[in-house]
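Beneath this line is the structure, given in structure tokens, with notes to follow.
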Amino acid sequence: MTLHALIVDDSEDFRLLIGQYMTLEWSDAEIVEWDPVTQGDIDDNYDLEKFDVLLLDYVLGTADGLDWLKRLKRRADCPPIIFLTGAGSEQVAVQALKSGASDYLRKHDLSKARLIEAVRNAMDERKAAEITQRMSRTAAISDLTTKPEVARLSDSDAPDAQIVEINGYKVIRKIGSGGMSTVYLVERMQDRQQVVLKILDSKLCEDNEFLMRFIQEFGLIAKIESRHIVKIFDQGFTDRHVYIAMEYFANSDLRSRIKKGVTPTEAMGLLTQVALALKAIHEFGIVHRDLKPENIMFRADDSLAIVDFGIAKMISDVNSLTQTGHILGTPYYLSPEQAQGDALDGRSDLYSAGVMTFEMLTQRRPFTATTPIALVNKHIHEPVPRLPAGMERYQPLVDKLMSKRATARFASAQQLLDYLAQLAR
Amino acid sequence: MTEKIRIEIMKDLEVLIPRYLDRRHKEVEAFRTQLDAGDFEALRIGGHSLKGSGGGYGFALLTQIGATIETAAKAKDTAAIETALVQYADYIQRVEVVYI
Numbered sequence: 004m005t006l007h008a009l010i011v012d013d014s015e016d017f018r019l020l021i022g023q024y025m026t027l028e029w030s031d032a033e034i035v036e037w038d039p040v041t042q043g044d045i046d047d048n049y050d051l052e053k054f055d056v057l058l059l060d061y062v063l064g065t066a067d068g069l070d071w072l073k074r075l076k077r078r079a080d081c082p083p084i085i086f087l088t089g090a091g092s093e094q095v096a097v098q099a100l101k102s103g104a105s106d107y108l109r110k111h112d113l114s115k116a117r118l119i120e121a122v123r124n125a126m127d128e129r130k131a132a133e134i135t136q137r138m139s140r141t142a143a144i145s146d147l148t149t150k151p152e153v154a155r156l157s158d159s160d161a162p163d164a165q166i167v168e169i170n171g172y173k174v175i176r177k178i179g180s181g182g183m184s185t186v187y188l189v190e191r192m193q194d195r196q197q198v199v200l201k202i203l204d205s206k207l208c209e210d211n212e213f214l215m216r217f218i219q220e221f222g223l224i225a226k227i228e229s230r231h232i233v234k235i236f237d238q239g240f241t242d243r244h245v246y247i248a249m250e251y252f253a254n255s256d257l258r259s260r261i262k263k264g265v266t267p268t269e270a271m272g273l274l275t276q277v278a279l280a281l282k283a284i285h286e287f288g289i290v291h292r293d294l295k296p297e298n299i300m301f302r303a304d305d306s307l308a309i310v311d312f313g314i315a316k317m318i319s320d321v322n323s324l325t326q327t328g329h330i331l332g333t334p335y336y337l338s339p340e341q342a343q344g345d346a347l348d349g350r351s352d353l354y355s356a357g358v359m360t361f362e363m364l365t366q367r368r369p370f371t372a373t374t375p376i377a378l379v380n381k382h383i384h385e386p387v388p389r390l391p392a393g394m395e396r397y398q399p400l401v402d403k404l405m406s407k408r409a410t411a412r413f414a415s416a417q418q419l420l421d422y423l424a425q426l427a428r
Numbered sequence: 521m522t523e524k525i526r527i528e529i530m531k532d533l534e535v536l537i538p539r540y541l542d543r544r545h546k547e548v549e550a551f552r553t554q555l556d557a558g559d560f561e562a563l564r565i566g567g568h569s570l571k572g573s574g575g576g577y578g579f580a581l582l583t584q585i586g587a588t589i590e591t592a593a594k595a596k597d598t599a600a601i602e603t604a605l606v607q608y609a610d611y612i613q614r615v616e617v618v619y620i
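Chains as they are written, first to last, in our numbering: chain A, 4 to 428; chain B, 521 to 620.
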């Protein structure tokens, strides 16, 4: 994607510096420099829509960058603005964010990495806003007219082949549908590879913040190179839908594997693979948030990969809020801190891995209850159940993974891996 | 012989640095002229600009010098500006860039 950026700064040196960093990252970037001292104000007729991002200095010669920011943000065509501040200008940064800036950068310690991160986030924000606008327009049109293609997209009884043909995929069959998404097995037409296509409901696409998180999180997951993480091939947009194309798993999930029975040695092997997957995502700052046997899939060579990242939880959160007002599903794998709505880190996923370990070893869940609330209370208060006789050597592992306090668990997936290596000796 | 001040800067900026430093040499003289003329507004704007660009290019001291000039210009503090300009000229004379 080509970057179109507008840099408004009275320092030519600084404009050149930013331009250089951006050109190093995006070789075909189109960068326009604006010197407020010699060029004056940005005219209301000046087209801002063509820019993905605008970088704006906080002092523009004799003019105040904050005034420019407020004025520019009133324009419908204004792209995300990254505000440039000086040393000791934290208050200015706060005012800028309150006035609509997407981010701020401190000029005196600017680095290429920080600039690129901010610009990428701004581009994602721009993209999300465009999609929201486009979909709102399409929805408005389809409210007034019957549009067969759009109607088929939202009609679950429609022939599947109509649904994703437009995106270069040919539907083989529908795999399933959840509250806010439908999943298809498709053939990618360019190379005839079978992939899974998950299409999110158009309601989600009206939520700009959700779209931004979706674009960012899946962008990040796509970068993770681990055979224990589902491969994301593409994320794309039609007029009314957002979709993700991802790896297809020919074999079953961990739920089926548990039903058939797993030996303790096999369980430790599977847990090791799960720990490797968690290590990979946690290193990228991603918490899965919804780890459960249904989200662990097996390939034809029997290697496993975790699927349905936080986005799945985000979807169910949106769904639960909009439809029922309750947590959807039964929270068998929820960590105590997650149940209480506290901030989460990777150790929350380790708790869920502990619940799965208990289940792999015993073929039953550690906590069950007749209502979700009662179940959540058990996660928060009830001691970890004892494993059956003959499995005592695994009890310390399960106890540590399922500690009520995150600080008492393994500090990281790597620590869990070290422990498992010791256990195997 | 005057001791050099060695500054390590990312190779990514090699294309910009010679020009940047050349402009700094000229700027010292321009600041002196502005000070002689009592043009504190020009000094304030120039100091602010130097404050903004110095650290970004890897010359943290230039950001400090720029901030001093900007503040002193607002206060019309001639002595403080003169001191900062001596420091500025000395630094620019002695700085030696190593690209990493």
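Note that the Cβ used here is the ideal one computed from N, Cα and C, for glycine as well.
Which of helix, strand or coil does DSSP assign to residue i?
i      : result
A/R109 : strand
A/E15  : helix
A/K295 : coil
A/V56  : strand
A/R230 : coil
A/T88  : strand
A/Y61  : coil
A/T325 : No answer about A/T325 holds up, because its pLDDT of 33 lies below 50 and its placement is not dependable.
A/I178 : strand
B/I525 : strand
A/D163 : Here A/D163 scores only 44 on pLDDT, less than 50, and its place in the model should not be relied on; the value that follows carries that caveat. Looking at A/D163 - three-state DSSP - the assignment turns out to be coil, as it is neither helix nor strand.
A/W71  : helix
A/R191 : strand
B/A557 : coil
A/K407 : coil
A/A116 : helix
A/A66  : strand
A/A131 : helix
I believe residue i touches residue j by the beta-carbon criterion, under 8 Å. Please report the beta-carbon distance rounded to the nearest angstrom.
i      : j      : result
A/R408 : A/Y354 : Not a contact, Cβ separation roughly 10 Å.
A/D352 : A/L294 : 5 Å
A/L69  : A/Y61  : 7 Å
A/L307 : A/L281 : Actually they do not touch by this definition, with Cβ atoms about 12 Å apart.
B/I589 : B/G574 : Going by Cβ atoms, the distance from B/I589 to B/G574 rounds to 11 Å, so no, they are not a contact pair.
A/Y336 : A/M359 : 7 Å
A/H285 : A/G349 : 4 Å
A/L108 : A/I84  : Going by Cβ atoms, the distance from A/L108 to A/I84 rounds to 11 Å, so no, they are not a contact pair.
Quick check on the burial criterion: 16 or more other C-beta atoms within 10 angstroms. Buried or exposed for residue i?
i      : result
B/Y619 : exposed
B/G576 : buried
A/T41  : exposed
A/P339 : buried
A/H7   : buried
B/E534 : exposed
A/A99  : buried
A/K110 : buried
A/M300 : buried
A/E385 : exposed
B/K571 : buried
A/S205 : buried
A/N298 : buried
A/S259 : exposed
A/D46  : exposed
A/T268 : exposed
A/N201 : The residue asked about is misnamed: residue 201 of chain A is Lys in this sequence, not Asn. Buried.
A/M249 : buried
A/D12  : buried
If you follow the beta strand (DSSP E) that residue i is part of, which residue opens it and which one closes it?
i      : result
A/T374 : No beta strand (DSSP E) holds A/T374; DSSP gives it neither H nor E.
A/G239 : I235 to F240
A/M249 : V245 to E250
A/Y335 : Looking at the DSSP string, A/Y335 is not in any beta strand (DSSP E), and its letter there is neither H nor E.
List the residues that DSSP assigns as beta-bridge partners of residue i.
i      : result
A/M300 : A/D256 and A/A308
A/A8   : A/I34 and A/V56
A/S184 : A/L203
A/V198 : A/V189 and A/E250
A/K173 : A/E190
Starting from residue i and walking both ways along the alpha helix (DSSP H), at which residues does that stretch end?
i      : result
B/I585 : A580 to K594
B/R564 : F560 to Y577
B/Y619 : Here B/Y619 belongs to no alpha helix (DSSP H); instead the beta strand (DSSP E) covers V615 to Y619.
A/Y49  : Here A/Y49 belongs to no alpha helix (DSSP H), and DSSP marks it neither H nor E.
A/Y354 : G349 to T365
A/V277 : P267 to E286
A/A416 : A416 to A427
A/K101 : E93 to K101
Less than 6 Å between the CB of residue i and some heavy atom of the ligand SAM, yes or no?
i      : result
A/L188 : The ligand content of the structure shown is nil, which means the ligand SAM is not present either.
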